[in-house]
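In the numbering used here, the protein residues as written are 8 to 200.
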C-alpha cells in the first residue's frame, strides 16, 4: 500500500513540475479515488504535499534555469515585481489560499513567481492549505457524481480546447512579465517593456 501511495505522490509531483499540458491534480486524485477506492483524506494530503513541492520545484527551475534567457532589463523588471509581491505579505496568504481553492492551473503563477524571485515560503504554505481543502472537495465531488472515470488525462477538455487554453495562459504570462512594474508602482502608468 505504501508503494501505491508513493506512486500517487510521484505522479502528482511530476505533473506539477511539468509547466504545461498536464491534467488537473484533482482529476488524477479523483481517478485514484474512483478506480481504487482510496481514502479521500489520504489522497488530499498526498496530493497537496506533492503538488506544493512540484510547484515550488517549478518556481525554482524558472528562477535558476529560465530567468537567464531573459534580457537584463526584463530581469530588472521581474525583480521589481518580486520585491513588490514580497512587500505585501499580508495579502499573500489569503490571495494564494483563495486561488488554490479553485480547480484552475497554477503553473504560470509559479513560473512568474520564480522568474520574479519571490520568496516562496508563504506562497507555498498558503498554496498547500488551499489545495488541501480544494482537493478534498473536488475529489469528493467527482467521486459523488462519477459512475466511472476512465481516461483522466483526456477528460478535462477536448484536446484543441486544452492546447488553446494553455497557449492563452502563456500569452497572459508573457504580457504580465512585460509590464514595467517600477513605472506602474511609482508613476501609476501602465507601460510594457
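Glycine included, C-beta positions come from ideal geometry on N, C-alpha and C. Given the structure is predicted, the values throughout are model-derived calculations rather than measurements.
Return helix, strand or coil for residue i, following the three-state DSSP convention.
| i | result |
| --- | --- |
| residue 197 | coil |
| residue 53 | helix |
| residue 186 | strand |
| residue 159 | Caution applies to residue 159, whose pLDDT of 48 falls short of 50 and renders its modelled position unreliable; the value that the coordinates give is listed next. Here residue 159 sits in helix by DSSP. |
| residue 44 | coil |
| residue 164 | With a pLDDT of 49 at residue 164, under the threshold of 50, the modelled position of that residue is not reliable, and the figure given next carries that caveat. Residue state, collapsed to three classes: coil. |
| residue 8 | coil |
| residue 174 | helix |
| residue 77 | coil |
| residue 31 | coil |
| residue 25 | coil |
Between residue i and residue j, is the Cβ-Cβ spacing less than 9 Å?
| i | j | result |
| --- | --- | --- |
| residue 100 | residue 132 | yes |
| residue 106 | residue 57 | no |
| residue 65 | residue 35 | no |
| residue 15 | residue 53 | yes |
| residue 200 | residue 80 | yes |
| residue 61 | residue 104 | no |
| residue 180 | residue 115 | yes |
| residue 87 | residue 189 | yes |
| residue 118 | residue 78 | no |
| residue 127 | residue 63 | yes |
| residue 59 | residue 135 | yes |
| residue 194 | residue 112 | no |
| residue 27 | residue 177 | yes |
| residue 51 | residue 129 | no |
Can you round the beta-carbon distance between residue i and residue j to whole angstroms, since I take them to be within the 8 Å contact cut?
| i | j | result |
| --- | --- | --- |
| residue 7 | residue 141 | Absent from the structure is residue 7, since the part of the chain shown begins at 8 and ends at 200. |
| residue 47 | residue 12 | In fact, because the Cβ distance is near 13 Å, the residues do not count as touching under 8 Å. |
Any contact of the region 32-52 with the region 140-150, i.e. 3+ C-beta pairs under 8 Å?
yes
Three or more C-beta pairs under 8 Å: does that hold for the region 114-123 against the region 72-91?
At 8 Å Cβ cutoff, the stretches touch.
Extract the residue ranges of the alpha helix (DSSP H) inside the region 88-156, only unbroken runs of 4 or more that lie entirely within it.
96-108, 114-122, 127-152
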